[in-house]
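Q: Pasting in a structure now, in structure tokens, and then I'll have a few things to ask.
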Amino acid sequence: MFLRSIVEGYEVANRVTEALGPAHYRLWHTTGAAGCIAAAAAAGLALGLPVNTLVHALALAATMDSGLQRTIRTGSTGKPLHSGHAAAA
């Protein structure tokens, strides 16, 4: 179940990224934007959350999305923070 939840988390990340489209990447760091939702999906599946609870977890994770590309392109150390937000979700 644990390995399956990791695979499903990656699948969620890919689908969210696809849904956001390439225009989104011009301004936003994908890890920060899709990572929170993917991490919540993987954790929720690993914990065996009921569907209704998992939906709420995904919605809460979506509110944590972040990751302006500007922080990456200007040499800021903000990129690790975006990944940290995803992991914390």
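Counting from 1, position 40 in the sequence shown corresponds to residue 40 in UniProt numbering; the numbering is continuous, with no gaps. All residues carry an ideal CB built from backbone N, CA and C; glycine is no exception.
1. Would you call the CB atoms of L58 and A40 closer than 8 Å?
2. Just to confirm the assignment, what range does the alpha helix (DSSP H) spanning L60 have?
3. Once the 5 residues before and after D65 are set aside, which same chain residues still bring their CB inside 7 Å of it?
4. Exposed or buried, what is G44 when buried is set at 16 or more other beta-carbons lying within 10 Å of its beta-carbon?
5. Ends of the alpha helix (DSSP H) at S66?
A: So, to answer that:
1. As a working mapping, residue 58 is identified with position 58 in the sequence shown. As a working mapping, residue 40 is identified with position 40 in the sequence shown. Their beta carbons are under 8 Å apart, which means L58 touches A40 by this criterion.
2. Within the sequence shown, the letter at position 60 stands for residue 60. The continuous alpha helix (DSSP H) containing L60 extends over residues V51 to A62.
3. By 1-based counting over the sequence shown, the position of residue 65 is 65. The residues are G32, A33 and C36.
4. Counted from its first residue, the sequence shown places residue 44 at position 44. So G44 counts as buried.
5. As a position in the sequence shown, residue 66 is number 66, starting the count at 1. Taken as a continuous stretch (DSSP letters only), S66 belongs to no alpha helix (DSSP H), as it is neither H nor E.
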